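>
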Amino acid sequence: MKMIFLIILILLNAHLLIGSEIKNKFLEGGKVFVKKCKHCHDRRHKLGKKYTKQQWNEYFNNEAQLIKDRHPEHEVKDLFKKKRFLKRLPYLKMYIIEYAKDSGIPSETN
Ligand code: HEC
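Residues in the sequence shown are numbered from 14 upward in steps of one, following our numbering.
#1: Drop a sphere of 10 angstroms on the beta-carbon of Asn123, count the other beta-carbons inside from all chains shown, and report buried for 16 or more, exposed for fewer.
#2: Flag Val47 as yes when its Cβ comes closer than 7 angstroms to any non-hydrogen atom of ligand 1, and as no otherwise.
#3: Which whole-angstrom value describes the C-beta separation of Lys9 and Phe73, a residue pair presumed to lie in contact below a C-beta threshold of 8 angstroms?
#4: Nearest-angstrom Cα distance between Ile21 and Lys15?
#5: With the cut-off set at 8 angstroms, would you say Gly61 and Tyr104 are in Cβ contact?
#6: What separation, rounded to the nearest whole angstrom, lies between the Cα atoms of Phe98 and Ile17?
#7: Does the beta-carbon of Lys95 have 16 or more other beta-carbons within 10 angstroms, so that it is buried, or is it exposed?
#8: Report all residues from its chain with a CB closer than 6 angstroms to the CB of Ala77; omit the five preceding and five following residues, and keep chain order.
#9: Hey, how far is the Cα of Lys49 from the Cα of Asn26?
#10: Whose C-beta lies closer than 8 angstroms to the C-beta of Glu86 among residues of the same chain, with five residues either side of it excluded?
#11: Grab the span of the alpha helix (DSSP H) containing Phe39 for me, first residue to last.
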C-alpha cells in the first residue's frame, strides 16, 4: 500500500516538474518574441491568428525557413544566422501558436 502512495507521489512530482519546464520554455519564447519580433509585429495574438497550428508548424519547419523567406531584406535575416536564436525557435513557436487561428482562443486586447 505504501509503495503505491510512493509511486503516486513520484508521478505527481514528475508531472509538476514537466509542467514547470514547459512553462519556462513558453516564457523563453515570450522573451524572444518581445526582443526580436514585437517591434514590427506588435502583438502576438495578431500574428498567431494569421495561421492555423498546422500552418505554423510548416512556418517553423527547417529552422523557420518560411519565416526567414518572408523577411528577405531586413535586419531579421541576420537573426537566422544566430545559433542562440535558432535554438530557441521551438519556444517561440510554442508562444505564437497558442493564438493560432484554430486555437479556439479569441484575440485579446492586451
Ligand atoms: C524589422 C521588422 C520585422 C521584424 C523584427 C520581424 N518581422 Fe516578420 N514581417 C515583417 C514584415 C514587413 C512582414 C511582411 C512581409 C510580407 O508581406 O511577406 C513580415 C512577415 C512575417 C510573417 C508572415 C506573416 C504574414 O502576414 O503572412 C511571419 C510569420 C513573421 N513575419 C514572423 C516574424 C517573427 C516570428 C519574427 C521574430 C523572430 C519577425 N517576424 C520579426 C517585419 C518584421
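Cβ coordinates follow ideal geometry from the N, Cα and C atoms, glycine included.
What you are looking at is a predicted structure, and each value in this text was computed from that prediction instead of being measured.
Looking at the coordinates:
#1: On the sequence shown, residue 123 is found 110 positions in, with the first residue counted as 1. Here the model assigns Asn123 a pLDDT of 47, short of 50, so the residue's position is not dependable, and the following value carries that caveat. Answer is exposed; the Cβ neighbour count stays below 16.
#2: The count along the sequence shown starts at 1 and reaches residue 47 at position 34. Every heavy atom of ligand 1 is 7 angstroms or more from the Cβ of Val47, so no.
#3: Outside the modelled stretch of the chain, which goes from 14 to 123, sits residue 9, for which no answer is possible.
#4: The sequence position of residue 21 within the sequence shown is 8, counting from 1. The sequence position of residue 15 within the sequence shown is 2, counting from 1. Taking the straight line joining both Cα atoms gives about 10 angstroms.
#5: Position 48 of the sequence shown, counted from the start, is the residue given in the question as residue 61. Position 91 of the sequence shown, counted from the start, is the residue given in the question as residue 104. No; because the gap between Cβ atoms is not below 8 angstroms, this pair is not in contact.
#6: On the sequence shown, residue 98 is found 85 positions in, with the first residue counted as 1. On the sequence shown, residue 17 is found 4 positions in, with the first residue counted as 1. Roughly 44 angstroms separates the two Cα atoms.
#7: Your numbering for residue 95 matches position 82 in the sequence shown. Counting C-beta atoms within 10 angstroms of its own C-beta, Lys95 has fewer than 16 neighbours from the protein chains shown and is therefore classed as exposed.
#8: Here residue 77 is taken as the residue at index 64 of the sequence shown, counted from 1. Cβ neighbours of Ala77 beyond the five flanking positions: Leu102.
#9: Translated into positions along the sequence shown, residue 49 becomes position 36. Translated into positions along the sequence shown, residue 26 becomes position 13. Distance between the alpha carbons of Lys49 and Asn26: 34 angstroms.
#10: Your numbering for residue 86 matches position 73 in the sequence shown. Only residues of its own chain outside the window of five on either side were considered, and among them none has a CB closer than 8 angstroms to the CB of Glu86.
#11: Counting from 1 along the sequence shown, the entry for residue 39 is found at position 26. Note, Phe39: alpha helix (DSSP H), Lys15 to Val45.
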